[in-house]
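The sequence shown begins at 69 in my numbering and counts up one residue at a time.
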Amino acid sequence: MPIRPENRWLYPIDWPQLSDAIRFGRAGSRCERCGRPHRVHVAHLGDGRWWDADARRWRCGRGRRIAMGERIALARVRTTYVVLACAHLDHDPGNNAAANLAALCQRCHMLHDAAEHRWQRWWNVFSRRALRDLFEDPRFARRRLAGRD
69 MPIRPENRWL
79 YPIDWPQLSD
89 AIRFGRAGSR
99 CERCGRPHRV
109 HVAHLGDGRW
119 WDADARRWRC
129 GRGRRIAMGE
139 RIALARVRTT
149 YVVLACAHLD
159 HDPGNNAAAN
169 LAALCQRCHM
179 LHDAAEHRWQ
189 RWWNVFSRRA
199 LRDLFEDPRF
209 ARRRLAGRD
């Protein structure tokens with residue numbers, strides 16, 4: 069995931085090299101959670117199951133081989149272009165220890181950061197409301213609450 073400009077200063081100057089070492093050196097260009105390969109179109113069912121073309125097997129969201137007993141309608145199969153990102157497991161960009169970094173695909177990264185994203189959405193709404201309370205004309209706010217806006 070791209071680094072927001074306001075957070076760029078939190079990362080070390082050699083972050084691109086550190087990220088490459090984790091994604092390509094340690095992880096071998098595969099997601100460390102599910103095993104999806106980097107820069108490959110992967111067929112998936114949307115629930116975590118995906119087709120591993122190298123092994124010619126279906127895998128679950130954790131990368132384990134699974135047997136597909138049911139027939140799959142071709143309309144259910146979607147494709148995703150996988151791009152690995154180097155994720156901080158404790159959500160602290162200042163902690164760049166190798167044990168705190170993981171190479172994750174988009175799906176695994178979003179699942180890992182879900183609580184952080186929920187908190188960020190709440191904070192954005194909270195701060196917007198606080199700014200509105202500070203700087204908005206109270207008469208306008210009463211009209212808006214009454215539905216006359």
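Where is the CB? At the ideal position from N, CA and C, for every residue including glycine.
When the Cα of residue i is compared with those of the options, which residue comes out closest?
| i | options | result |
| --- | --- | --- |
| Arg144 | Leu113, Asp201 and Pro84 | Leu113 |
| Arg127 | Leu152, Leu169 and Gly103 | Gly103 |
| Ile134 | Trp118, Leu142 and Arg200 | Trp118 |
| Leu157 | Arg101, His180, Val193 and Asn75 | His180 |
| Arg130 | Trp77, Glu100 and Gln85 | Glu100 |
| Asn75 | His159, Arg107 and Ala123 | His159 |
| Ala166 | Gln85, Pro73, Phe203 and Glu204 | Gln85 |
Within this structure, are the beta carbons of residue i and residue j separated by less than 9 Å?
| i | j | result |
| --- | --- | --- |
| Cys176 | Val151 | no |
| Ala171 | Arg94 | yes |
| Trp83 | Asn163 | no |
Tell me which residues share the same chain as residue i and place their Cβ nearer than 7 Å to its Cβ, disregarding the 5 neighbours each side in the sequence.
| i | result |
| --- | --- |
| Arg125 | Arg133 |
| Ser87 | Cys154 |
Give the straight-line distance between the Cα atoms of residue i and residue j, rounded to the nearest whole angstrom.
| i | j | result |
| --- | --- | --- |
| Ile71 | Pro161 | 10 Å |
| Arg139 | Gly116 | 17 Å |
| Ala198 | Arg186 | 18 Å |
| Ile220 | Asn168 | Outside the shown range of the chain, which is 69 to 217, sits residue 220, and nothing can be said about it. |
| Leu202 | Val193 | 14 Å |
Kindly list the residues whose CB is nearer than 8 Å to the CB of residue i, restricted to its own chain and excluding five residues on each side of it in sequence; keep chain order.
| i | result |
| --- | --- |
| Arg146 | Ala111, His112, Leu113 and Gly114 |
Can you name, in chain order, every residue of its own chain whose Cβ lies under 6 Å from the Cβ of residue i, other than the five neighbours on each side?
| i | result |
| --- | --- |
| Tyr149 | His109 |
| Ser195 | none |
| Arg98 | Pro105 |
Take the Cβ of residue i as the centre, count every other Cβ of all protein chains shown within 10 Å, and call the residue buried at 16 or more, exposed below.
| i | result |
| --- | --- |
| Arg107 | exposed |
| Arg189 | exposed |
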